[in-house]
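Using the numbering used here, the first residue of the sequence shown is number 8, and each one after it goes up by one.
Glycine residues also receive a C-beta, built at the ideal position from the N, C-alpha and C atoms.
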Amino acid sequence: MAGETVITVVGNLVDDPELRFTPAGAAVAKFRIASTPRVFNREANEWKDGDPLFLTCSVWRQAAEHVAESLARGTRVIVQGRLKQRSYEDREGVKRTVFELDVDEVGPSLTYATAKVTKASGGQRQVSEAQTPDPWASAKPANGQQQNGGWGGGQQQPAAQGAGYSDEPPF
């Protein structure tokens, strides 16, 4: 929506995602992330941690179930969503304001970890036998020639032999 603040945060999960269901049956997962800035102190020749930012995040429906199955406390994640501000009064009557993130996208950070990605089976549209489920699976190069092995897999013929390869940059 117009006027919403969309941000991307990289941080670590503070605790395991908590999966719940609304009375209507919609899944919602809540989790908290901590994002801590690090700066290099040249005088001390070491890295220093700054003040951490803690954000409570909510993700809905099928993505909520995927988050609960896939992520755990300590996992480094990349989260993108809409930042929301909420004010409330605590038990002592003090007015408080918190910032929360309505998550649109979330995934593990692959900087210091690896992940095995599997497609979810639910939520896919029905495909008839005449259609190919993956449009990229049967794609051919624009010049109509078959490439051997895709990106660098197999032997490539020089451009002079008509294989569609060139050393020239595409721009």
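Between the alpha carbons of R103 and R93 lies a gap of roughly 8 Å.
Here the segment 63-70 does not lie against the segment 46-55, with fewer than 3 beta-carbon pairs under 8 Å apart. Distance from the CA of G81 to the CA of V21, rounded to the nearest whole angstrom, comes to 6 Å.
Beta-bridge analysis with DSSP links T43 to no other residue. When DSSP states are grouped into helix, strand and coil, A36 belongs to the strand group.
Within the same chain, and ignoring the five residues on either side of V84 in sequence, the residues whose Cβ sits closer than 8 Å to its Cβ are V17, G18, N19, L20, I40, L78, V113, G114, P115 and S116. Rounded to the nearest whole angstrom, the CA to CA distance from S128 to E25 is 22 Å. Residue pairing from DSSP places R89 in a beta bridge opposite V13 and D109. Relative to A33, the option among T125, F106, S65 and A122 whose CA is nearest is S65. Between V74 and F38, the CB-CB gap stays under 8 Å. Under a 10 Å Cβ-count criterion, G10 is classified as exposed, with fewer than 16 other Cβ atoms of the shown protein chains found around its own Cβ. Comparing alpha-carbon positions, the option among V86, G88, E107 and Q87 lying closest to Y95 turns out to be E107. Less than 8 Å separates the beta-carbon of K91 from that of D109.
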